[in-house]
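Have a look at the structure below, then the notes.
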Amino acid sequence: MPSLFSNISQPAIHVDPDEQIELRARAAGEHRATALAHPNIAFIKYWGNTDHLQRLPANPSLSMNLADLYTVTTVAFEAALTEDLLIINGTSVTGPGLARVTTSLDLIRTEASLNLAARVESESNFPVGSGIASSAAAFAALSVAGAAAAGLALSEAALSRLARRGSGSACRSVPAGYCQWLTGDDQTSVAASLAGADHWDLRDLVVIVSQEHKSVGSTGGHQIADTSSLQPARVAGAESRLAACRQALLARDLAAMGPVIEEDTIIMHAVMMSGHPPLYYWHPATMALIQATQQWRQEGLPVYFTIDAGPNVHLICEAQHAPAVEAAARRIPGVQNVLTSRAGGPARLIEF
Ligand code: DP6
Numbered sequence: 036m037p038s039l040f041s042n043i044s045q046p047a048i049h050v051d052p053d054e055q056i057e058l059r060a061r062a063a064g065e066h067r068a069t070a071l072a073h074p075n076i077a078f079i080k081y082w083g084n085t086d087h088l089q090r091l092p093a094n095p096s097l098s099m100n101l102a103d104l105y106t107v108t109t110v111a112f113e114a115a116l117t118e119d120l121l122i123i124n125g126t127s128v129t130g131p132g133l134a135r136v137t138t139s140l141d142l143i144r145t146e147a148s149l150n151l152a153a154r155v156e157s158e159s160n161f162p163v164g165s166g167i168a169s170s171a172a173a174f175a176a177l178s179v180a181g182a183a184a185a186g187l188a189l190s191e192a193a194l195s196r197l198a199r200r201g202s203g204s205a206c207r208s209v210p211a212g213y214c215q216w217l218t219g220d221d222q223t224s225v226a227a228s229l230a231g232a233d234h235w236d237l238r239d240l241v242v243i244v245s246q247e248h249k250s251v252g253s254t255g256g257h258q259i260a261d262t263s264s265l266q267p268a269r270v271a272g273a274e275s276r277l278a279a280c281r282q283a284l285l286a287r288d289l290a291a292m293g294p295v296i297e298e299d300t301i302i303m304h305a306v307m308m309s310g311h312p313p314l315y316y317w318h319p320a321t322m323a324l325i326q327a328t329q330q331w332r333q334e335g336l337p338v339y340f341t342i343d344a345g346p347n348v349h350l351i352c353e354a355q356h357a358p359a360v361e362a363a364a365r366r367i368p369g370v371q372n373v374l375t376s377r378a379g380g381p382a383r384l385i386e387f
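Residues in the sequence shown are numbered from 36 upward in steps of one, following my numbering.
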């Protein structure tokens with residue numbers, strides 16, 4: 036498909052991300068499938084776990100899938116392999132990255148009573164380190180492709196659970212559009228769609244101020260969230276922020292939703308900055324964009340910010356304001372690039 040952005044590279048596997056293939060009958064002994072999943076941006080953030088191994092979140096969260104960004108993953112269980120292989124954007128990955136994928140494959144193999152190693156090949160059309168949680172799209176695609184390759188016909192909830200075990204936020208990339216992920220136990224803590232992608236034409240403008248690799252990623256961050264004395268207050272208020280965000284989302288009311296998502300982001304970063312060790316993800320340009328967003332609103336441009344575990348800023352606005360927001364963002368010193376995405380569909384099989 037033609038890229039909307041000259042700066043977003045195309046995966047080697049060319050797909051139309053709006054199409055889901057017709058499932059064909061499987062040949063005996065065939066253990067191969069390809070899936071596509073989008074990353075998502077959280078409006079109400081997941082930060083901290085009640086169980087790190089199972090990735091049971093301390094609080095519920097809410098997000099939007101990003102249509103214009105995607106990861107395509109092929110899983111092939113092969114009798115000729117003695118161990119799992121992982122190839123990301125053409126490069127073989129070993130060590131902790133492979134171990135994390137093997138953990139997800141083990142869940143699939145146990146469920147399917149399958150005793151074969153797998154070759155996993157994954158390509159994304161967005162840059163690593165762009166402030167977009169690549170693990171969400173990666174583990175959503177891995178779960179959908181892996182389950183199908185192993186011959187499992189899993190429900191959306193079961194696929195969301197499987198994705199959650201690989202990366203918490205990945206569970207929200209399984210259902211379509213705008214998704215909510217509830218707290219609960221291993222069976223019940225899954226994501227479900229609140230509204231499809233066509234419910235509301237919001238745009239996420241990812242404003243890149245740094246592409247450096249973070250010294251502490253999300254997994255490490257979740258593990259130290261409880262060391263901040265502010266985390267109990269953040270968790271206690273998450274339910275009511277989520278309810279306010281959900282109500283505004285369903286009413287397509289950005290003036291009501293925007294202040295809630297900004298507050299939720301700032302509370303999460305206050306937890307990060309006040310933990311042990313403290314996590315300071317912001318750069319000077321991050322703060323400049325926060326202040327500029329307030330200025331733009333005063334000037335009549337309806338746009339709100341949200342920031343994940345990194346320095347890059349996601350600007351959320353309605354489609355008709357995206358060109359003006361992009362132009363304004365590009366004028367801020369330190370801004371390297373702006374990637375724009377519409378709301379996206381669910382994780383889905385594209386080859387089977
Ligand atoms: C700040 O899902 O990336 O983006 O489960 O360890 O993979 P792991 O963490 P991850 O955490 C996402 C944190 C966040 C907020 C969010 O997306 O809700």
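Ideal Cβ placement from N, Cα and C applies to all residues, glycine included.
Could you give the distance in angstroms between the alpha-carbon of residue i and the alpha-carbon of residue j?
i, j, result
"T300", "L116", "44 Å"
"R196", "V110", "18 Å"
"A362", "H304", "27 Å"
"N347", "N75", "15 Å"
"Y213", "N100", "6 Å"
"A469", "Y339", "Because the chain in this structure spans residues 36 to 387, residue 469 falls outside the shown range and cannot be described."
"S169", "R90", "17 Å"
"L218", "W82", "One point to set straight first is that residue 218 is Thr, not Leu, in the sequence displayed. If I take the Cα positions, the gap works out to 12 Å."
"I56", "R269", "Confidence at I56 is low in this model, with a pLDDT of 46, below 50, so its placement is unreliable and the value that follows should be read with caution. Approximately 42 Å between the Cα atoms of the pair."
"T106", "E386", "14 Å"
"L237", "R377", "6 Å"
"Q330", "A283", "23 Å"
"L88", "G132", "16 Å"
"R366", "H248", "24 Å"
"L265", "M307", "9 Å"
"L285", "M292", "10 Å"
"G380", "E274", "25 Å"
"L149", "S309", "45 Å"
"A271", "I79", "13 Å"
"S250", "T126", "22 Å"
"F161", "T108", "14 Å"
"A198", "L104", "18 Å"
"T328", "R144", "48 Å"
"R225", "W216", "The sequence shown places Val at residue 225, rather than the Arg named in the question. If I take the Cα positions, the gap works out to 6 Å."
"E298", "E65", "49 Å"
"G252", "Q333", "34 Å"
"S228", "T138", "26 Å"
"I167", "A134", "22 Å"
"P267", "S202", "23 Å"
"T375", "P210", "21 Å"
Would you say the beta carbon of residue i is closer than 7 Å to some non-hydrogen atom of the ligand GDP?
i, result
"K80", "The ligand content of the structure shown is limited to the ligand DP6, which means the ligand GDP is not among them."
Check the C-beta distance from residue i over to residue j and give it rounded, since I have them as a contact under 8 Å.
i, j, result
"V155", "L177", "7 Å"
"L142", "R200", "6 Å"
"A290", "A102", "About 24 Å separates the two Cβ atoms, so there is no contact after all."
"L350", "L240", "4 Å"
"L151", "E113", "6 Å"
"V373", "V242", "5 Å"
"T69", "A230", "Actually they are not in contact, since the Cβ atoms of T69 and A230 sit about 27 Å apart, beyond 8 Å."
Looking only at its chain, what residues have a beta carbon closer than 7 Å to the beta carbon of residue i, apart from the 5 residues adjacent to it on each side?
i, result
"E448", "This structure cannot settle anything about residue 448, because the visible part of the chain is limited to 36 through 387."
"H311", "I259 and T262"
"V163", "S169"
"L124", "Just to set this straight, residue 124 is Asn in the shown sequence, not Leu. Closer than 7 Å at Cβ, skipping near neighbours: E158 and S159."
"N84", "R90, L91, P92, A93 and H257"
To which residues of the same chain is residue i closer than 8 Å at the C-beta, ignoring the five residues directly before and after it?
i, result
"V244", "H318, A320, T321, L324, P346, N347, V348, G369, V370 and Q371"
"R287", "H234 and W235"
"L336", "C352, H356, A359, V360 and A363"
"T129", "L121"
"A77", "S96, L97, S98, S204, R207, T341 and D343"
"L354", "According to the sequence displayed, residue 354 carries Ala and not Leu. Excluding sequence neighbours, A354 sits near D236, L237, R238 and R377."
"Q326", "none"
"L314", "V251, G256, I259, M307, M308 and A344"
"Y316", "K249, H304, M307, I342, A344, G345 and P346"
Starting from the C-beta of residue i, find all residues in its chain whose C-beta is less than 6 Å away, skip the five residues before and the five after it, and write them out in chain order.
i, result
"L120", "R154"
"L189", "A182"
"R67", "A111 and A184"
"V295", "R276, A279 and C280"
"A72", "T106, A172, A175, A176, S208 and A382"
"D221", "Q89"
"E118", "A152"
"I302", "R269"
What runs of the alpha helix (DSSP H), each 4 residues or longer, lie entirely inside the region 82-119? List check, alpha helix (DSSP H) in window: nothing returned.
What residue ranges within the region 197-265 form continuous alpha helix (DSSP H) runs of no fewer than 4 residues, ordered along the chain? Segments of the alpha helix (DSSP H) lying fully in the region 197-265: 253-259.
Runs of beta strand (DSSP E) lying entirely within the region 311-387, each at least 3 residues, in chain order: For the region 311-387, whole beta strand (DSSP E) runs of length 3 or above, ordered along the chain, are 339-341, 348-353, 372-377 and 383-386.
Ignoring anything shorter than 4 residues, give me the alpha helix (DSSP H) runs that lie fully in the region 115-172, in order along the chain. Scanning the region 115-172 from its first residue to its last, the whole alpha helix (DSSP H) runs of 4-plus residues come out as 130-147.
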